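Worksheet for the structure shown next.
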Amino acid sequence: MTARCEDIDFDLKIAEFRINGYAVIEDVLSVETVDRIREAFLPMLEHVRTRETGFAEKEWGDLRTGFGRQQIINRYTLTIPWVPPFADPEVYEHPVILEFLKRYWGKDDFYIKCLHSNNPYPGSEFQHWHRDTGLAREIPHVGLDTCPILGIKFPLVDTSEENGSIEVLPSTQYIANPDLESRYDEVLTQGNFPSARRLNMKKGTMWIQDVRTLHRGTPNISNGPRPEIVVCYGLSWLSIGHAMKVPPETYEGFSERARKLFEFCEVVDY
């Protein structure tokens with residue numbers, strides 16, 4: 010059985026999130042849903058992997074067949090098309106996730122900003138310690154109590170230290186010193202930071218990330234990729250530089266709530 014709102018202590022989860030910079034909720038998605046998404050995703054991922062012979066700063070390609078790049082050795086990022094089975098209301102309209110976001114932000118006028126993925130293959134290496142935002146440079150020396158954009162992430166396979174589970178450094182989301190922004194990897198790999206934690210998760214788990222929290226990908230020494238998808242939700246005033254592109258046939262099937270989540274999307278064929 011998947012998680013329902015009545016199963017979740019939201020006050021506790023939001024307290025965990027505010028303190029740690031992330032929160033893990035198990036059994037949000039059904040294994041069947043995750044497997045269906047993985048089955049459709051892996052051919053796109055493999056297409057990008059076989060195409061990319063070098064590293065690239067920007068993603069490129071056809072959105073439906075593989076818009077991505079090789080970020081560092083054997084680690085690939087992809088932007089995912091908003092079409093079935095990726096455009097699944099069980100994921101982006103999940104009551105547990107929407108209720109968490111509503112309580113965290115204190116309102117329900119938030120919007121979907123991205124559908125993306127980061128995927129280490131066997132032979133991948135450590136990423137640099139990093140954030141998924143430049144807020145500390147844009148708003149220096151201000152540790153915002155509430156982050157205006159969050160990543161809702163879910164692995165498409167069980168994750169472990171063998172296949173390159175994500176490593177996080179809890180409670181780093183309030184650091185806003187621009188002088189440190191380019192030095193985190195140097196500092197964290199030389200200093201003593203025993204609180205770093207690996208997020209070993211089973212399929213169906215979703216984890217909610219304050220994008221300011223320091224984290225890194227780790228080496229995949231298994232015999233297969235470790236794909237993970239993120240749906241970005243944010244407040245209206247924060248721009249990430251592009252609008253979500255949704256094809257007309259998907260948009261026409263949206264619920265009233267989904268149309269609100271995609272109020273700022275571009276409805277375009279691709």
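If you're matching positions, the sequence shown starts at 10 in this note's numbering and goes up one per residue. Quick reminder that beta carbons are idealized off the backbone N, C-alpha and C, glycines included. Owing to the predicted nature of the structure, the values given are computational and were not obtained by experimental measurement.
Have a look at residue 89 and residue 26 and give me their C-alpha separation to the nearest angstrom.
Answer to the nearest angstrom: the Cα atoms are 26 Å apart.
Put residue 51 into one of helix, strand or coil per three-state DSSP.
Residue state, collapsed to three classes: helix.
So, at 8 Å on beta carbons, what are the nonlocal neighbours of residue 84 in its own chain, with the 5 sequence-adjacent residues on each side left out?
So the list reads 127, 128, 129, 130, 133, 134, 136, 226, once near-sequence residues are dropped.
Which residues mark the beginning and the end of the alpha helix (DSSP H) in which residue 24 is found?
Note, residue 24: alpha helix (DSSP H), 19–29.
Under a three-way DSSP split, which group does residue 161 fall into?
Residue state, collapsed to three classes: strand.
Taking only the alpha-carbon atoms, compute the straight-line gap between residue 52 and residue 59 and give it to the nearest angstrom.
Using only the alpha carbons, I get a separation of about 11 Å.
Keeping to the same chain, check which residues put their C-beta closer than 8 Å to that of residue 68; ignore five residues upstream and five downstream.
Cβ within range, chain order: 76, 77, 78, 86, 87, 88.
So within the segment 66–102, which uninterrupted beta strand (DSSP E) runs reach at least 3 residues, ignoring any that extend past its ends?
The segment 66–102 contains these whole beta strand (DSSP E) runs: 76–81, 84–88.
I need the straight-line Cα distance from residue 31 to residue 157, nearest angstrom please.
Roughly 14 Å between the two C-alpha positions.
Could you spell out the range, first to last residue, of the alpha helix (DSSP H) harbouring residue 114?
Its alpha helix (DSSP H) spans residues 104–114.
I'd like the list of long-range same chain contacts for residue 12, defined as Cβ closer than 8 Å, with 5 residues on each side in sequence excluded.
So the qualifying residues of the chain are 34, 35, 36, 37, 105.
Going by C-alpha distance, which of 155, 144, 273 is nearest residue 187?
It is 144 whose Cα lies nearest to the Cα of residue 187.
Assuming residue 134 is part of the alpha helix (DSSP H), what are its boundary residues?
Run containing residue 134: none; DSSP gives neither H nor E here.
What does a CB cutoff of less than 7 Å around residue 14 pick up in its chain, not counting 5 residues either side in sequence?
So the list reads 104, 105, 108, once near-sequence residues are dropped.
Starting from residue 243, follow its DSSP beta bridges and name the residues at the other end.
In DSSP, residue 243 forms a bridge with 120, 158.
Mind checking which residues open and close the beta strand (DSSP E) that includes residue 277?
Note, residue 277: premise wrong, no beta strand (DSSP E); not H, not E.
Taking contact to mean 3 or more Cβ pairs, one atom from each stretch, closer than 8 Å, check whether the segment 154–172 and the segment 202–210 are in contact.
Yes: the two stretches touch, three or more of their Cβ pairs being nearer than 8 Å.
Give a yes or no on contact between the segment 113–123 and the segment 270–277, applying the rule of three or more CB pairs nearer than 8 Å.
Taking 8 Å as the limit for Cβ pairs, the verdict is that the segment 270–277 does touch the segment 113–123.
How long is the line joining the alpha carbons of residue 266 and residue 42, rounded to whole angstroms?
Cα to Cα, the separation comes out at about 21 Å.
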